[in-house]
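Residue numbers (this note's numbering): 15 to 204.
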Amino acid sequence: MEPKPFPTLETERLTLHQMTQTDAEGLFDLYAKPEVVRFIDQEPMLRLDQAKMLITMFENLFKSGRGLRWGVFTLEDDQLIGTCGYKEWDTRRFRAEISYDLAPDSWGSGYMREALVAILDYGFHQMKLRRVEGLVDPEDTRSHNLLSGLGFRMEGVLREHDFVKGKFQDDMVFSLLHQDWEEDDKKLKD
């Protein structure tokens, strides 16, 4: 059986597609910014080979069927401005965890909301997800607002759930169910 090709998604202003090693420089520029990695267990990148290894990790995640990570590119100039996707994809339980990041000069543009609408639609209709979860640092108000604006509900706090940059931290759990998405889908696309 031949493996499925990596899906490419297009929105009004963006194209989301698999990153290749030719995108390493753009990914390095993104992950070298301290504000991009502030809420994840990663220090800012210092070397280009770190971006190349991360792209290989994303490729392996897809090949193994455990997740998808799209590069977020502007349609206008094909510039890599972020990434988004699913990790912890559990096909037996029809759920996955959403994750994303965006270059600071694109914050407030609506780009990530646009990208997440596309991957949520793909996740619920093509991947047959029933539930999408987001684990968010309590201090990451941009993510709280983004997920809430997409219809995610905050379910609670997992106390000292993660060990990030040498300390334990809480994670806020957000979720979106397929039926919630279908109810909100028309509003989101307007």
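Don't be surprised by glycine CBs; every beta carbon is placed ideally from N, CA and C.
Among the options, nearest to residue i - alpha-carbon criterion
| i | options | result |
| --- | --- | --- |
| P21 | D135, R173, T155, N159 | D135 |
| R27 | E197, S162, S120, P58 | S120 |
| K142 | E197, M126, R106 | R106 |
| M42 | G85, R80, F76 | One detail in the question is off: residue 42 reads as Phe in this sequence, not Met. Nearest option by C-alpha distance: G85. |
| H175 | R61, M186, I69 | M186 |
| L89 | F177, L30, V51, S162 | L30 |
| P152 | T97, L164, M168 | M168 |
| F166 | E73, L68, T70, Q193 | Q193 |
| P48 | G79, D92, L116 | L116 |
| N159 | R145, R83, K179, R127 | R127 |
| Q32 | H139, R156, I133 | I133 |
Helix, strand or coil at residue i according to DSSP, with G and I counted as helix
| i | result |
| --- | --- |
| Q35 | helix |
| I54 | coil |
| A110 | strand |
| M15 | Only weak support exists for where M15 lies, its pLDDT of 47 falling under 50; the value from the coordinates is given anyway. Three-state DSSP puts M15 in coil, outside helix and strand. |
| R127 | helix |
| L62 | helix |
| T105 | coil |
| M71 | helix |
| W195 | helix |
| A46 | coil |
For residue i, the residue or residues it bridges with in DSSP
| i | result |
| --- | --- |
| L94 | F87 |
| T29 | E24, F87 |
| Y100 | L82, I112 |
| V178 | K181 |
| R167 | S189 |
| L161 | Note: L161 sits in no beta bridge, so no partner. |
| L172 | D185 |
Enclosing alpha helix (DSSP H) for residue i [first to last residue]
| i | result |
| --- | --- |
| G148 | That residue, G148, is in no alpha helix (DSSP H); its beta strand (DSSP E) goes 145-150. |
| L154 | Going by the sequence as given, residue 154 is Asp instead of Leu. Per DSSP, D154 belongs to no alpha helix (DSSP H) and is neither H nor E. |
| F20 | From DSSP, F20 is part of no alpha helix (DSSP H); its letter is neither H nor E. |
Terminal residues of the beta strand (DSSP E) in which residue i lies
| i | result |
| --- | --- |
| D184 | 181-191 |
Residue i classed as buried or exposed, judged by whether at least 16 other C-beta atoms fall within 10 angstroms
| i | result |
| --- | --- |
| F182 | exposed |
| R173 | exposed |
| F72 | buried |
| R61 | exposed |
| V171 | exposed |
| S162 | exposed |
Neighbour flag for residue i against chain C, beta carbons, 8 Å
| i | result |
| --- | --- |
| D55 | This model lacks chain C altogether; it includes just one protein chain. |
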